[in-house]
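Just below is one structure, and these are the notes that go with it.
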Amino acid sequence: MEIANVKGEARTDHGRHANDRLRRRGMLPAVIYGHGEAPEGVALSRRDLEQALARLSHVIALECDGKATQYLIKDVQYDHLQKDPVHVDLMRVDPNERVHVKVTVELKGTPAGLKAGGELSQLITDLDVECRLLDIPSVIVVNVADLELNQAVRVRELQLPDGVKALADADATVAQVKLKRIVAEVAPSVPVEGAPAEPEVIGRVAKEETPGEKD
């Protein structure tokens with residue numbers, strides 16, 4: 006497991022305006038909680054955090070006030086476009102404590118069933134697991150090269166690292182190869198040559214004048 010270093014500082018001001026000032030400085034508001042202690046407000050380097058998330062790190066070493074302490078990234082809240090992080094929840098944990106986290110599932114290889122007209126689909130992209138803090142895998146790699154048509158990989162078949170337990174249903178499908186669905190295209194109607202075209206009526210239809218009717 007990779008532990009990312011993130012610079013931070015204590016935070017005393019709270020509220021929307023205080024958070025906006027932090028973000029303009031390249032910092033993100035965060036809160037530390039857990040182990041029965043009072044929540045603690047901190048500010049994190051946005052650049053450091055984004056690099057940690059890009060490396061799929063679950064644990065950070067927060068460098069604050071001259072010392073580094075390890076915390077679990079429990080939750081990251083994003084803006085309305087789901088692009089930029091705006092707030093982070095960190096959890097205090099003991100290195101030997103078992104925690105529940107979501108780990109990214111990565112498929113590897115080209116399924117053999119694709120040659121038979123199959124299509125690969127991934128149904129689980131993040132797997133809920135339980136393990137010690139120091140045993141959290143950065144990613145779970147699933148080899149799908151041997152998958153034939155109408156075959157699947159289920160949670161119980163995953164090769165998880167020692168000490169890591171899947172919390173999802175053992176029979177849940179992680180990835181599968183199914184026959185491609187062919188959608189029939191409806192050909193547009195072609196007007197018969199020589200047939201009179203129907204005029205397009207625009208606006209109000211005038212009332213027809215009947216014989217003997219006067220203005």
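Residue numbers (the numbering used here): 6 to 220.
Note that the Cβ used here is the ideal one computed from N, Cα and C, for glycine as well.
Since this is a predicted model, take the numbers as computed values, not measurements.
Note that the C-beta distance between Leu61 and Thr109 is below 7 angstroms. In the three-state reduction of the DSSP assignment, Asp80 falls in the strand class. Counting along the chain, the unbroken beta strand (DSSP E) around Leu67 starts and ends at Val64 to Cys69. Counting the other CB atoms within 10 Å of its CB gives Pro116 a total of 16 or more, which places it among the buried residues. Per DSSP, the continuous alpha helix (DSSP H) segment holding Arg29 begins and ends at Arg21 to Arg29. Within the same chain, Cβ atoms closer than 8 angstroms to the Cβ of Asp131 are found at Lys107, Val108, Thr109 and Val110, the five residues on either side in sequence being excluded. With a cut-off of 8 angstroms on Cβ pairs, the segment 135 to 151 is not in contact with the segment 81 to 93, counting fewer than three such pairs. Its Cα nearest to that of Glu7, the residue Ser143 stands out among Ser143, Ala175 and Leu152. In the structure shown, Gln127 falls within a strand segment according to DSSP collapsed to helix, strand and coil. A contact between stretches requires three or more CB pairs, one per stretch, nearer than 8 angstroms, and the segment 67 to 86 fails this requirement with the segment 118 to 126. Remark: C-beta atoms of Asp140 and Leu172 do not approach each other more closely than 7 angstroms. Short of 6 angstroms from the beta carbon of Ala175, and not among the five residues preceding or following it, lie these beta carbons of its own chain, in chain order: Val160 and Arg161.
Of the candidates Asp151, Val11, Val158 and Ile129, the residue whose Cα lies closest to the Cα of Asp53 is Val11. With a threshold of 16 other beta carbon atoms within 10 Å, Gly13 meets it and is buried.
Residue state for Ala59 is assigned as helix, using DSSP reduced to three classes. In the DSSP assignment, Glu162 falls outside any beta strand (DSSP E), carrying neither H nor E. The beta-carbon distance between Ala43 and Pro34, rounded to whole angstroms, is 17 angstroms. This is too long to meet the 8 angstroms contact definition. Ranked by how close their Cα comes to the Cα of Ser50, the residues Ala59, Arg30 and Gly41 have Arg30 in first place. A Cβ-Cβ contact shorter than 7 angstroms links Val36 with Asp94. By alpha-carbon distance to Ala66, the top candidate from Val98, Ala9, His40 and Tyr38 is Ala9.
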